[in-house]
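Taking my numbering, the leading residue of the sequence shown gets 989, the next gets one more, and so forth. Contents: one structure, followed by commentary.
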Amino acid sequence: MVSEKSSKKEEKKEKVNLEAGKVFTKEFIKTIVLITGLIIFIRFFVIQPFIVKGGSMEPNFHDNNYIFVNELSYRFTDPKRGDVVIFKHPEKECTEFVNKSFINRIFLQGPCTNFIKRVIGLPGETVVIKDGKVIIKNTGNPDGFTLSESYIPASDNFKLRGNISKTLGKDEYFVLGDNRQPNASLDSREWGALPENHITGKALIRVLPFNDFGFIRHPKY
């Protein structure tokens, strides 16, 4: 026969176990929600995956390279010369879409196509392409200086062709593909300046192929 005292102890023990189970379940749910929220935040506000298509950035980036893009970089600093950036191609339909709202610019793809190129010219500068060289003219260098591009092969196949002079306005950038062979890259030589609000992020990490895994280096001039 079970005493009344023992019965109360068992009942109390069951209540304690039940409360502990409720606390565990509550904390577990909170943890799952927190982790899910963190993943969503990182995915949509910090890091975006990007797959390189085509050979416009060869020999430094190849078709189907899988990279992570840092979307926070340019919310605190401006793009720098040499940065490899991801942006929405500034064709008319895309520009109209991007200019409608901040949400369109950051979160929605709309009619836009994503490109990857390297920043060559900064706002207010004049970019001159002549005799296969890139010359930058700005307030500190009114006569211009020849851009040293160690990331471009010395081969004549990668030598720039044609003569171009483009003065950039406020919040405009001049971008080029690393592959300078004829018809290898659709960039500022073809469609002109890139508005800053079309830039979505900075190439951060190369994930695939695994043998090239690591942080992406951006030259400093």
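Where is the CB? At the ideal position from N, CA and C, for every residue including glycine.
Task: Burial state of P1130 (16 or more Cβ within 10 Å) - done: Its Cβ having fewer than 16 others within 10 Å, P1130 is exposed.
- [ ] Select from A1181, K1158, H1186 and F1075 the residue whose C-alpha is nearest the C-alpha of V1040.
- [x] Nearest C-alpha to V1040: F1075.
Open item on the list: At the level of alpha carbons, what is the spacing between S1044 and G1157?
Closed with: If I take the Cα positions, the gap works out to 25 Å.
Open item on the list: Which residue wins for smallest C-alpha separation from P1282, given the options L1135, T1127 and G1112?
Closed with: Given that the chain is displayed from residue 989 to residue 1209, the structure contains no residue 1282 and the question cannot be resolved.
Task: Backbone CA spacing between L1148 and V1163 [nearest angstrom] - done: In this structure, the CA atom of L1148 is about 13 Å from the CA atom of V1163.
Open item on the list: Let me check one thing: in DSSP terms, what residues is V1102 bridge-paired to?
Closed with: Contrary to the premise, residue 1102 reads as Asn rather than Val in this sequence. According to DSSP, N1102 bridges with K1076.
Open item on the list: Taking 7 Å as the threshold (C-beta atoms), are D1071 and K1190 in contact?
Closed with: Yes.
- [ ] In the DSSP assignment, find the unbroken beta strand (DSSP E) run with R1194 in it and report its ends.
- [x] Boundaries of the beta strand (DSSP E) around R1194: I1187 to L1196.
TODO: Would you tell me roughly how many angstroms separate the C-alpha atoms of E1081 and G1109, rounded to the nearest one?
DONE: Cα-Cα distance, rounded: 24 Å.
- [ ] Report the three-state DSSP secondary structure of S1153 (helix, strand or coil).
- [x] Here S1153 sits in strand by DSSP.
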